[in-house]
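Read in order, the letters of the sequence shown are residues 341 to 570 in the numbering used here. Here is the structure we will look at, set down as structure tokens.
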Amino acid sequence: MVKQIICKDVERVFIGDGVETRAVDQVTMELTAGEFVSIIGPSGSGKSTLLSLIGTLDEPTGGSIVYDDQDVMKLSKKKIADFRFEEIGFIFQQFHLLPTLTAVENVLTPLFARKVDYDKRERAEEVLTQVGLSDKFDSLPSQLSGGQQQRVAIARAIVHKPSWLLADEPTGNLDTEAGDNIFALLQTLNEEEGCGVVFVTHDPTLAKKADRIIEMRDGKKISDDIHQTI
């Protein structure tokens, strides 16, 4: 289990048509296991890019990201993929469910090519029940509401028992009530499972419910506020 993620002067530069864009500009921060952290900022502030870097979906063009004592980006692609499977679960605004697969089959997808020490089907049903979908195992995505589809996506993100959940605007496509329910579910998973949660949002109301708020603007971290939630 990764207990700490340390970002040191992290940069991500994109170059297109001769124009250089610093999506993430010298960000330094530490994340500790069990934290619930919101990253907030306007569109284009670099928060989603930073999340991709933390989750090893992208590689920084400068600085370092160290997981405990391991700079994962120095590993081979296979070992990075293994690390990602063992430690990280992703939740996106676009649910990315496969339309021809049932809820339980969608949840099983991260486990298809993996050897694990538990029954895969039982585990998929367990996490679907955990997110309140015990009656939707055999439902296709088209038969589910937006909030239910996002719950399937969350179940898929936790099926392999990760240390960290990285959520990129997971309530952005939902109405207020469904969005609040999804946020509450992530809080419950954080408290009961002990997994760290990094939650990207542009909604300050949701952000204030986290234990800590990191604010991004123009690729830079402009504030990092640890506070006691009410």
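Glycine included, C-beta positions come from ideal geometry on N, C-alpha and C.
Compute the Euclidean distance between the alpha carbons of residue i and residue j, then round it to the nearest angstrom.
i: Glu465; j: Met556; result: 38 Å
i: Leu371; j: Ala550; result: 13 Å
i: Asp357; j: Thr449; result: 38 Å
i: Leu445; j: Val359; result: The question names Leu, but residue 445 is Glu in the sequence shown. Glu445 and Val359: Cα-Cα distance of roughly 43 Å.
i: Ser474; j: Thr368; result: 41 Å
i: Ala547; j: Ile553; result: 6 Å
i: Ser563; j: Gly402; result: 21 Å
i: Val342; j: Val456; result: 19 Å
i: Ala497; j: Ile355; result: 32 Å
i: Phe423; j: Pro544; result: 32 Å
i: Val447; j: Tyr458; result: 15 Å
i: Pro400; j: Leu468; result: 34 Å
i: Ala299; j: Phe539; result: The question about residue 299 has no answer here: the residues shown for the chain are numbered 341 through 570.
i: His436; j: Ser385; result: 24 Å
i: Thr516; j: Gly395; result: 27 Å
i: Asp520; j: Asn530; result: 15 Å
Would you decide whether residue i is buried or exposed? Buried here means 16 or more other CB atoms lie within 10 Å of its CB.
i: Tyr407; result: buried
i: Pro382; result: exposed
i: Arg454; result: exposed
i: Phe452; result: exposed
i: Ser416; result: exposed
i: Lys476; result: buried
i: Ile345; result: buried
i: Lys561; result: buried
Output yes or no for whether 8 Å exceeds the beta carbon distance between residue i and residue j.
i: Leu397; j: Val350; result: no
i: Val492; j: Val377; result: no
i: Ala518; j: Gly487; result: yes
i: Ile380; j: Thr541; result: yes
i: Leu525; j: Ile494; result: yes
i: Cys347; j: Ile420; result: no
i: Gly374; j: Gly512; result: no
i: Gln410; j: Glu509; result: no
i: Ile522; j: Gln470; result: no
i: Val412; j: Arg463; result: no
Does the beta carbon of residue i fall short of 7 Å from some heavy atom of the ligand FAD?
i: Lys560; result: The ligand FAD is absent from the structure shown, which contains no ligands of any kind.
From the DSSP secondary-structure annotation, give me the bridge partner or partners of residue i.
i: Ile431; result: Ala507
i: Ile379; result: Val540, Ile554
i: Lys419; result: According to DSSP, which records beta bridges pairwise, Lys419 is partnered with nothing at all.
i: Gln344; result: Thr372
i: Gln490; result: Gln490 pairs with nothing; no bridge assigned.
i: Phe477; result: Note: Phe477 sits in no beta bridge, so no partner.
i: Ile355; result: Glu360
i: Lys560; result: Arg557
Examine the Cβ distances between the region 362-378 and the region 386-393 and report whether three or more of them are shorter than 8 Å. yes
Measuring CB atoms only, is the region 422-442 touching the region 466-484, in the sense that at least three cross pairs come out at less than 8 Å? yes
Any contact of the region 497-508 with the region 416-430, i.e. 3+ C-beta pairs under 8 Å? Yes: the two stretches touch, three or more of their Cβ pairs being nearer than 8 Å.
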